[in-house]
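Numbering-wise, the sequence shown is residues 675 to 1107 according to the numbering used here.
In what follows, a structure is listed as structure tokens, so that the remarks can point back to it.
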Amino acid sequence: METRLTWKEEKKLQNLVTGKLSLLYKASAHGFANSSLICRCNYQGPTLLVIYSSDHVFGSYIPRNDKNETRVSCLLFAFEGTNILECKIRPQNLKDFFGHCGNKWEFLIGLSEKKVTMSLDTIKKLNLSQTMYFEECEVFRCEDLLDTRNMNGVAELRGSLLSAIRTYKPSRDLVHQIRILLLGPIGAGKSSFFNSVKSVFRGHVTHQALVGSDRTGISQQYRTYSIKDGKDGKSLPFILCDSVGLSEGKGLCMDDIPYILKGHVPDRYQFNFMKPITPGHSNYIDFPLLEDRIHCVAFVFDANSIEQLSDEMVAKIKKARREVVKCGLVHVVLLTCVDSMDLIMKGDLIDIYKCIPVKLKQEEIHKKLGFALSDILVVSNYTSEWDLDPIKDVLNLSALRQMLWAADDFLEDLPLEETALRGKHLLSVLEKK
Ligand SMILES: Nc1nc2c(ncn2[C@@H]2O[C@H](COP(=O)(O)OP(=O)(O)O)[C@@H](O)[C@H]2O)c(=O)[nH]1
Ligand SMILES: [Mg+2]
């Protein structure tokens, strides 16, 4: 049985009732009779009734639909384009909409006549007519996505991801820690991602890396962050490298990218957007070990600004990607800020990869920048909140685990002669003498 709602209408209504909709009754399938609707849907908990006339979609949300006395107001709604008009009415049960509560009605449905009659006050607020004939009527149960059962599942998954990452060992034991470079436009959420990952392992939200700060000034340093498991625990098997962002103006110098990838750029290096690092620089790492190199690159994008990326930015990202591929490195995409996307609710984060608005963003990135759909991972960073959120943690940890696996692919594929880079460099230096 399929609903007649479009996905956009369904999302809007999910936002209205803050829950998932599960279809209980459809008049064209179960019969246009008040008794069959009431028999199926009465006392089912929070319920949404949707009526389809030839040119309107409207109905009612009944937050309490049970045997106890109802004290929570019901809500009438009507779509007007993509907006929803709302009007609160007195508390009542579902069956009361079919004339079970005497003659004091605001919204009265007759299924066999396929007719709704509304009070004058209601039609004014919903911009409908007093009598509406309809073609279809559906009733949904509204299910809470964040109920205890779901949250227990999330907590379990969070625990297993944490332990998988704590005990992770890079492939062939070639390095102790995987270096992940965060690369992307200024303001994409790179520093916030580091803060979010650090927060999970620290056990509380921390905001170590400067976020959303001065776009041109002070924080133009290259930072490589090793994270401890707990306050005094041992270092985790990865390092997050936070570069200054790409920009049409003062941003990361494109020629710095190969140096970063190959491990020549030291922690706290002050970027110069006019000029890339050169071997003469005081802290330049002349002979980087395999440990010093980048093992996986994460391109970071804000989900809300993919469509606005300028041609210049697109060209820069494509160029950076070519450099990454040239170095034989693996890469993924982190899509941030999905939590603030239109039509996305908190509960959606549990199953975010199934959400159509997110799928559309993934397709847009694929089309615009050429990244494979399966490489585009969704994350949700801590921004202003102070409490850890297990749903966000699961998203961010899943992405991190994916990056560690990607780095393994790189290490496994590394030619034997590159697995001891320092030896090779020393040899070439000695040969030159
Ligand atoms: N809602 C939301 N905001 C985010 C997220 N990630 C980053 N932000 C916000 O985006 C802005 C830029 O983030 P920042 O980490 O400084 O970006 P960077 O320049 O790539 O390091 C800040 O205001 C952050 O709070 C996210 O996942 N969700
Ligand atoms: Mg930053």
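Every residue gets a Cβ at the ideal spot worked out from N, C-alpha and C, and that includes glycine.
Legend entry - Pair within 8 Å by beta-carbon distance, residue 986 and residue 931: no
Legend entry - Beta-carbon proximity check, residue 927 vs residue 947, cutoff 8 Å: Yes; because the gap between Cβ atoms is below 8 Å, this pair is in contact.
Legend entry - Status (buried if at least 16 other CB within 10 Å, exposed otherwise) for residue 1010: buried
Inset, instruction - Can you tell me which of the three DSSP states residue 922 falls into? - result: The answer is coil: DSSP assigns residue 922 none of H, G, I, E or B.
Inset, instruction - Inspect the beta-carbon positions of residue 687 and residue 722 and report whether they are closer than 8 Å. - result: yes
Inset, instruction - For residue 1077, count neighbouring Cβ atoms within 10 angstroms of its own Cβ and tell me buried if that reaches 16, exposed if not. - result: Looking at its Cβ environment, which holds 16 or more other Cβ atoms inside 10 Å, residue 1077 is buried.
Inset, instruction - Report back the beta-carbon spacing between residue 782 and residue 791 to the nearest angstrom; my notes put them in contact at under 8 Å. - result: 5 Å
Inset, instruction - Would you check whether ligand 2 has a heavy atom nearer than 7 Å to the C-beta of residue 865? - result: yes
Inset, instruction - Could you tell me whether the region 905–920 touches the region 859–878, using the rule of 3 or more Cβ pairs below 8 Å? - result: yes
Legend entry - Backbone secondary structure at residue 953 - three-state DSSP: coil
Inset, instruction - Drop a sphere of 10 angstroms on the beta-carbon of residue 1036, count the other beta-carbons inside from all chains shown, and report buried for 16 or more, exposed for fewer. - result: buried
Legend entry - Distance between beta carbons of residue 840 and residue 673, contact taken as under 8 Å: As shown, the chain starts at 675 and ends at 1107. That puts residue 673 outside it, with no answer to give.
Inset, instruction - Closer than 8 Å by C-beta to residue 933: which residues in its own chain qualify, once you throw out the five before and the five after it? Chain order, please. - result: Apart from the 5 residues on each side of it in sequence, residue 933 sits with its Cβ closer than 8 Å to the Cβ of 939, 950 and 951 in its chain, given in chain order.
Inset, instruction - Enumerate in chain order the residues of its own chain whose CB-to-CB distance from residue 898 is below 6 Å, with the five nearest sequence positions on each side excluded. - result: 913, 915 and 941
Inset, instruction - May I ask you to list the residues that DSSP assigns as paired with residue 976? - result: 1010
Legend entry - Straight-line gap, residue 708 to residue 1065 (C-alpha atoms, nearest Å): 41 Å
Legend entry - Bridge-paired residues (DSSP) for residue 1084: Partner(s): none; residue 1084 has no beta bridge.
Inset, instruction - Report whether the distance from the Cβ of residue 653 to the nearest heavy atom of ligand 1 is below 7 Å. - result: The requested residue 653 is not part of the displayed model; the chain covers only 675 to 1107.
Inset, instruction - Could you have a look at residue 825 and say whether DSSP puts it in helix, strand or coil? - result: helix
Inset, instruction - Could you please give the first and the last residue of the uninterrupted alpha helix (DSSP H) stretch that includes residue 708? - result: 708–715
Legend entry - Closest by C-alpha distance to residue 816, when choosing among 693, 1018 and 1090: Closest option to residue 816, Cα to Cα, is 693.
Inset, instruction - Grab the span of the alpha helix (DSSP H) containing residue 936 for me, first residue to last. - result: 930–936
Legend entry - Residues of its chain near residue 855, where Cβ-Cβ distance is below 6 Å and the 5 sequence neighbours each way are ignored: The residues 915, 968 and 971, in chain order, have a CB closer than 6 Å to that of residue 855 in the same chain once the five nearest residues on each side in sequence are set aside.
Legend entry - Runs of alpha helix (DSSP H) wholly within the region 765–851 (minimum 4 residues, chain order): 794–800 and 822–840
Legend entry - Nearest candidate by alpha-carbon position, reference residue 944, set 964, 960, 1075 and 894: 894
Legend entry - Runs of alpha helix (DSSP H) lying entirely within the region 1001–1053, each at least 4 residues, in chain order: 1030–1043
Inset, instruction - For my contact list, residue 751 and residue 679 are in at a C-beta cut-off of 8 Å; report their separation, rounded to the angstrom. - result: The pair is not a contact, with the Cβ atoms about 12 Å apart (cut-off 8 Å).
Legend entry - Beta carbon proximity, residue 849 to chain C, threshold 8 Å: Among the protein chains of the structure shown there is no chain C, as only one such chain exists.
Legend entry - As assigned by DSSP and simplified to three states, the class of residue 870: helix
Legend entry - Backbone secondary structure at residue 1064 - three-state DSSP: helix
Legend entry - Span separating the alpha-carbon of residue 988 from that of residue 1044: 10 Å
Inset, instruction - Would you identify the three-state DSSP class for residue 967, choosing helix, strand or coil? - result: coil
Legend entry - Boundaries of the beta strand (DSSP E) in which residue 731 is found, first to last residue: 731–736
Legend entry - Same chain, Cβ closer than 6 Å to residue 772, five either side skipped, listed in chain order: 708 and 783
Legend entry - Residue range of the beta strand (DSSP E) that includes residue 724: 721–726
Legend entry - Distance between beta carbons of residue 715 and residue 699, contact taken as under 8 Å: 5 Å
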